[in-house]
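Protein chains in written order, with the working numbering: chain U, 1 to 380; chain R, 1001 to 1339.
Backbone N, C-alpha and C fix where the C-beta goes; we use that ideal spot for every residue, glycine too.
In this text, all values refer to a predicted model and were calculated from it rather than measured experimentally.
Here it is in structure tokens:
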């Protein structure tokens, strides 16, 4: 910290002190979404450079997984992206199934898709709320959490938990759908479609919102790919990449849906892309419920899960981006030989210094919001 | 003796108590209005519907530990909240709450003082509060408050210009700087000035939002960016003084707007005789009612809009509001001369 009362022995001609101001943002800061720490170098209010410090939430989930058995790891994946736990479960289970060559019943695939899309809605609602709150629209935050509560209720009815679901099993699902659940999901989809209109009225055409998000944190498609951007931020830069379409998993192949793509690659486009994803998600959920096949929800799985020796990588589209699991098995022990996650939040976060350079302090919080990170996933 | 000493002193006492109570309940109102907009309930625990919450808050703030950071400039740090609060309270002296009224058999005007430069007095005294903001941020000797107080000073100074310009056009309309005469001039014309000067009111209101650091211009205390702004390091009663001052300033802005644009204590449509029935309601109730409505708009705006960014705020002030305000003054001046 620079001393504001420098003691000078002799009087020199007036010389303005033009030091850059280094300020520490986080890990306890209202809008760093958890325990992110940024060291900002400021010239006035303009950000010259930003240094991202992570690791405050590191629990060693990957290493821990190498000493847990294959079923227990599902529960650890909940703790990574705790805003979208169901997606993490799905990614892990599909990877193990791929490693073992297991067949998952069609009904289970459909339910998995519904759960994944519900989770996407929940995660995007949290994102929209916190992003808007960082920019000062506190009301949107409370509206979004009101709707998210409904998703949590649906999950609670399905698996008993509201945040960390542990809702998948290798080879299928722990339980079939409760009676009448699909009707509630449909009602929820109608509500969300309606409420999106409300949010758009509050934000999309709002002059202040436009000024705060347009041309903020612009990144070109080529740069985005080079820096490993993924998920909605990548698509906002005009790159058509969505694992659901490119390498379909679960039951996504069987549904019609569009992938919204932006053009400018600024914060506003990232906002629009995610808003459109809300509508596509409800579209997928409705199709899945309409075509829900009958049958078992658990495939034929050996009592003791012990994949053959080998390694595999499998990625799915989480609400934050592409979440991939690399798992190696030695075929002998009851836990993975090597377990590694490619977390979308982590990969997106590394773009942050590039995005904030040259912008103002106020934009920093908008940009942290726009890349939609969850520190539980960044640090693992 | 009674006329010259006791009556003014009693008035001041009533005014001070009234304003501090109003401020405390404005805080509650803000929390309630925000809660209703956001489908919540707001404070509900202390008293019925949280009505005693302000009392609890005040007690809490008084008994909290009052911390002075080790590296703070002790004197300035102590002085800053006082500099912020005192002008906000003193300004109320010239605000006319009603016409001459009989109070307990004594006929008196409902204001503490009617000085012939009332408006000038308000502008100059209210501006003093800025010093407290700047000094408070600087004396904390901490980076976030420093940034915030720089923001605050730039913001307040630039919006001061726009607001004062609109006041000039009101002075031209009324031909007087005295608050009472401005209301009387509206009575004489049978017209609230807001209908003659809608643009001036708009600029005044937007500038007022900015001057009181209210959303969408609440940059100096943007908690999402600067973790609380210029009063980050303050605690206890000194923090409470900043808090009181902000809300007292809101009331000032609303009360001055009522006087200048909404006919002060006059009933709606003062020229329409058919509405004479409304005269039963005393003037001061009309005044408080209008002020309340304006304050409600303050809260409503806060619950609705996102926040401007610092440079956008300055651009809006210097490139939009100030030119508009100056143009408005010129047009008004020509109109006053011609008509």
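Could you give the distance in angstroms between the alpha-carbon of residue i and the alpha-carbon of residue j?
i              : j              : result
residue 1231/R : residue 1137/R : 7 Å
residue 149/U  : residue 142/U  : 11 Å
residue 189/U  : residue 113/U  : 15 Å
residue 275/U  : residue 324/U  : 24 Å
residue 239/U  : residue 218/U  : 14 Å
residue 1160/R : residue 1127/R : 8 Å
residue 125/U  : residue 134/U  : 14 Å
residue 1020/R : residue 207/U  : 36 Å
residue 1266/R : residue 1095/R : 14 Å
residue 1053/R : residue 1084/R : 24 Å
residue 1268/R : residue 1015/R : 25 Å
residue 334/U  : residue 296/U  : 27 Å
residue 1146/R : residue 1140/R : 8 Å
residue 24/U   : residue 33/U   : 15 Å
residue 52/U   : residue 321/U  : 20 Å
residue 339/U  : residue 1240/R : 53 Å
residue 1197/R : residue 1261/R : 8 Å
residue 82/U   : residue 380/U  : 11 Å
residue 1184/R : residue 1270/R : 11 Å
residue 1248/R : residue 1063/R : 22 Å
residue 56/U   : residue 226/U  : 27 Å
residue 164/U  : residue 85/U   : 6 Å
residue 68/U   : residue 1068/R : 51 Å
residue 1307/R : residue 378/U  : 28 Å
residue 259/U  : residue 191/U  : 22 Å
residue 1048/R : residue 1022/R : 18 Å
residue 292/U  : residue 254/U  : 11 Å
Nearest to residue i by alpha carbon, out of the options?
i              : options                        : result
residue 312/U  : 58/U, 94/U, 82/U, 357/U        : 94/U
residue 228/U  : 200/U, 364/U, 347/U, 102/U     : 347/U
residue 1331/R : 1241/R, 1120/R, 1172/R         : 1172/R
residue 306/U  : 336/U, 182/U, 201/U            : 336/U
residue 46/U   : 369/U, 361/U, 108/U, 286/U     : 361/U
residue 1281/R : 1296/R, 1321/R, 1101/R         : 1101/R
residue 317/U  : 241/U, 256/U, 44/U, 365/U      : 241/U
residue 289/U  : 177/U, 199/U, 96/U, 130/U      : 177/U
residue 1149/R : 1006/R, 1233/R, 1060/R, 1050/R : 1233/R
Let me confirm a value: residue i is counted as buried when at least 16 other C-beta atoms fall within 10 Å, else exposed. Which label applies?
i              : result
residue 1/U    : Any answer about residue 1/U is weak, because its pLDDT of 45 lies below 50 and its placement is not dependable; what the coordinates show is given next. By the neighbour-count rule (16 or more Cβ atoms within 10 Å), residue 1/U is not buried but exposed.
residue 62/U   : buried
residue 1243/R : buried
residue 232/U  : buried
residue 215/U  : exposed
residue 1011/R : buried
residue 1293/R : exposed
residue 209/U  : buried
residue 358/U  : exposed
residue 1302/R : buried
residue 1300/R : exposed
residue 183/U  : exposed
Tell me the DSSP secondary structure of residue i in three-state form.
i              : result
residue 1137/R : helix
residue 329/U  : strand
residue 369/U  : helix
residue 1040/R : coil
residue 1146/R : helix
residue 1314/R : helix
residue 40/U   : strand
residue 380/U  : coil
residue 85/U   : helix
residue 315/U  : strand
residue 21/U   : strand
residue 1/U    : Reliability fails at residue 1/U, whose pLDDT of 45 lies under 50, so the model's placement of it is uncertain and the value that follows must be treated cautiously. DSSP places residue 1/U in coil when its eight states are reduced to three.
residue 51/U   : strand
residue 147/U  : helix
residue 1115/R : coil
residue 323/U  : strand
Counting only Cβ pairs nearer than 7 Å, list the residues of chain C close to residue i.
i              : result
residue 1308/R : The structure shown contains no chain C; its protein chains are U and R.
In chain order, which alpha helix (DSSP H) runs of at least 4 residues are fully inside the region 1060–1108 of chain R?
1074–1090
List, from N- to C-terminal side, the alpha helix (DSSP H) runs of 4 residues or more that fit wholly inside the region 170–223 of chain U.
181–203, 207–213
Start-end ranges of the beta strand (DSSP E) lying completely within the region 253–306 of chain U, minimum 3 residues:
none
Any alpha helix (DSSP H) of 4 or more consecutive residues that is wholly inside the region 78–144 of chain U:
85–100, 106–134
Which runs of the alpha helix (DSSP H), 4 residues or longer, sit entirely within the region 1232–1303 of chain R?
1236–1261
Report the residue ranges of all alpha helix (DSSP H) runs contained in full by the region 1148–1225 of chain R; include only those spanning at least 4 residues, in chain order.
1179–1189, 1193–1196, 1198–1211
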